[in-house]
Amino acid sequence: MKKRFTQLLAASAVCLPLAAATYMRVVQNDGKVEIYDVTNVNRVDFVEESDLYPYVDLGLPSGTLWATYNVGASKPEEYGNYYAWGETEPKEHYTLENYKWYNGSSASDFTKYNYRDKNITLFPEDDAASVNWGATWRLPTIEECKELANNCTATVETIGGVIGTKFTAKNGNSIFFPAAGYNYNDTLHLIADRGCYWSSQISETSRFQGREFEIMGVYTAFYSNYRPCGASVRAIRVEKVPNTDTLEIPTPIDTTKKDTVAHNYEYVDLGLPSGTLWATYNVGASKPGEYGNYYSWGEIEPKEHYTLENYKWYNGSSASDFTKYNHRDKNITLFPEDDAASANWGASWRLPTVEECKELANNCTATVDTIDGVIGTKFTAKNGNSIFFPAAGYNYNDTLHLIADRGCYWSSQISETSRFQGREFEIMGVYTDFHSNYRPCGAPVRAVRVEKVPNTDTLEIPTPIDTTKKDTVVPNYEYVDLDLPSGTLWAANNIGATAQGEIGYYFAWGETEPKETYTLENYKWYNGSSLSDFTKYNHRDKILTLLSEDDAATVNWGTDWRMPTLSEYKELKDYCTVSDDTIKGVSGITFTGKNGNWIFFPGASYMDADTLGTNDHRGIYWTSQLYSEDTRFQGRVFEFFGKNNISYYSNYRPCGSPVRAVRVEKSSAKE
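Per our numbering, the sequence shown runs over residues 659 to 1329.
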């Protein structure tokens, strides 16, 4: 066993009577002698080498202990070493060509942590913290980084002339993260601007990217970065400190009832305003820590394979060929016979609506918890009752995605604008969101009771949101800096979407609200009987570019946003690496900038009347411009059929296409 602490031998430590005090003399291997007053020595420990690195107890709910400085540093303000994701040694150059786990010519040619081996978390032998500091250390997960950010106060600080961010915990302890940026292609990026710290996890949807903890002054984010990039590593201890405030498991409360009508399934009264009663475990499970069964949206039996071809409500060759819950029947909520909860647990149960999921999230406190070794999220209500949702991920094409990372739970509703997607309740640690997922995917189901409990405080049920309407509140939408020459900043998602992989809303060119059907007759700027009867953006007014009041990005997201021009789409193609990609079952293309940042465009096709275009791998996105002065009935589009077939054609103005926005402001920071 290696010892780096002073070697103490029986003959080396003696007590000497000096001036009526007791001293300890330590003789080291090199002959050096040190003498200590034993009244100042609390104890002497023999420790492993990996115990020599200092750490801080921030009183976090999980008990996680964070190192006080970066791997490769000797004090908090030092940057330390840069490491490519999954490598354990620093190097002079950080490129794709010298990346340890790459051997090929495309983004799919990674030899480890890829779609074939399905590994998404670093093994100890590839963990820079474990290899360099010993087995008692490792890289943090994204959830542990989020916990740090959520339970500490961030302030901008300068130590030894180095700018960075200090996180101060409620117990008064703190740690400092220097703004060390990252290294790629012999260039240090974002030095003194932000800290880019690797987590131990890879992106589920883009295996050429590792998840990172990005610290920008007092702001934190959880993005992905290109695996070959060199980024900082801040380690955490494998052991955790028990937290008596949060680790106590409460005794179950008597308000957890049993259904005596059809089956003995347990439910919990969380004192919600609507009186909704939630099941204590998933359909197909027998206790809270079990995943239970996976179901495709609108199917009532689990199966071995979850594909488009074996989906119950699909019979055709395009995304428009769904035989039920489509644009023709206009049904957007599951009937009882297609509800996995009702069919399996009886008429007293059903899948929750999106509004009921939101009510749960908004009226309970979420904490990361582990039950029977299964990680997930516990929602604790104001009345003290709680339920646990395991992070069961989802199943598609014989692959389990996002297991132990998040829970993807079906609601009873379908996307208003994309009928091939069901609405889901996504639970990522203490965070919740309400996305859409591909209907054929297999996802877990958590049921609610049909009956509700009266709530004397308020019986008002929130009015369901009309998802065909534009946003009435302008939130802080995310954007991505792709290091483009013009400085253009692209939105991370489509208008109407909340996450990568969602298609969002369809808009006719020059209209600012989505609708059920897209025809010439209901087009806002048409009033006549021929193609020359457009009332705006015509040969008479000679306007070729959308005014702000007719720009779907500006109207829905605010004056900081607008629709892109044709030249901005061309710049995106010319200065980024384009790759075919699939996110949450939706095919599309990814643009990766030279700085490693990326955005995904789902293959959303377009809407004509009430029919979705015939190829869900095809993307047709509006620009802010008409096609030409001569053809005023067509708007210019950005179109793709995969990475090798990108064009800039036109489409009929009344058709519905998605919109990807750009920021009005541009990035001024150029590397």
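Glycine residues also receive a C-beta, built at the ideal position from the N, C-alpha and C atoms. Remember, predicted model here, so these are calculated numbers, not experimental data.
Span separating the alpha-carbon of residue i from that of residue j
i	j	result
R1220	V1012	29 Å
N1020	N1043	15 Å
S1315	P1172	10 Å
Y952	E1207	45 Å
I833	Y752	28 Å
E1136	N1152	11 Å
E1323	L1147	8 Å
D1129	G1254	Interpretation of D1129 is limited by its pLDDT of 34, a score under 50 that renders its predicted location unreliable; the figure taken from the coordinates is listed afterwards. In a straight line, the C-alpha of D1129 is about 31 Å away from that of G1254.
P994	S1073	18 Å
L1058	Q859	16 Å
T1203	P712	60 Å
E707	V789	Residue placement at E707 is flagged as unreliable, the pLDDT there being 49, under the threshold of 50; the coordinate-derived value follows with that caveat. Computed Cα separation, rounded: 12 Å.
F1092	A725	35 Å
R794	V896	The amino acid occupying residue 794 in the given sequence is Thr; Arg does not appear at that position. Roughly 5 Å between the two C-alpha positions.
E888	W743	The question names Glu, yet the displayed sequence has Gly at residue 888. Their backbone Cα atoms lie some 7 Å apart in a straight line.
T799	S857	5 Å
L930	L1018	7 Å
F980	V729	53 Å
N756	T1177	54 Å
I1257	A879	16 Å
N831	T811	11 Å
Y1233	K1252	8 Å
D903	P719	Legend: pLDDT at D903 = 43, less than 50; position of this residue unreliable, value from coordinates given subsequently. Distance between the alpha carbons of D903 and P719 is about 8 Å.
Residue i - partner residues in DSSP beta bridges
i	result
P836	G822
I990	I990 is not bridged to any residue.
P603	Nothing about residue 603 can be read from this structure; the chain reaches only from 659 to 1329.
L928	None; L928 has no bridge partner.
L935	D927
Q1079	Y1096
Y1137	A1149
F1299	Bridge partners of F1299: none, in fact.
R1107	W1007
Local conformation of residue i per DSSP, three classes
i	result
T1212	helix
A812	strand
T1217	coil
D784	helix
K1231	helix
E802	helix
N1309	strand
S1225	helix
T918	Its pLDDT being 32, under 50, T918 is placed unreliably by the model, and nothing is read from it.
W1256	strand
W791	helix
F1044	Correcting the residue type first, residue 1044 is Ser in the shown sequence and not Phe. Note: S1044 maps to strand in three-state DSSP.
T697	helix
T1126	In this predicted model, T1126 has a pLDDT of only 33, less than 50, meaning its place in the structure is not dependable; the value taken from the coordinates is given anyway. T1126 falls in the coil class under three-state DSSP.
E995	helix
E1207	helix
A1050	coil
A893	coil
A807	helix
Y969	coil
Endpoints, alpha helix (DSSP H) assigned at residue i
i	result
W759	Note, W759: premise wrong, no alpha helix (DSSP H); not H, not E.
N1002	998–1003
Start and end residues, beta strand (DSSP E) containing residue i
i	result
L1018	That residue, L1018, is in no beta strand (DSSP E); its alpha helix (DSSP H) goes 1012–1021.
Y737	First-last for Y737: undefined, no H or E at that position.
A1149	1146–1152
N728	Counting along the chain, N728 falls outside any beta strand (DSSP E), and DSSP gives it neither H nor E.
S861	That residue, S861, is in no beta strand (DSSP E); it is neither H nor E in DSSP.
R1064	That residue, R1064, is in no beta strand (DSSP E); it is neither H nor E in DSSP.
R1321	1318–1324
T1248	1244–1250
Y1279	1277–1284
D1336	Because the chain here runs from 659 to 1329, residue 1336 falls outside it and cannot be looked at.
Proximity of residue i and residue j at Cβ, strictly below 7 Å
i	j	result
G1300	D1238	yes
N654	G717	Only positions 659 to 1329 of the chain appear in the structure, and residue 654 is not among them; the question remains open.
R1107	Y1067	no
P1098	L966	yes
Y964	G1100	yes
S882	Y855	no
L797	A787	yes
C803	F866	no
N1095	K1194	no
Short CB-CB distance (under 7 Å) between residue i and chain D
i	result
T991	Judged by its chain identifiers, the structure shown contains no chain D, having just a single protein chain.
heavy atom of the ligand GDP below 6 Å from residue i C-beta
i	result
Y1164	This structure simply doesn't include the ligand GDP, nor any ligand for that matter.
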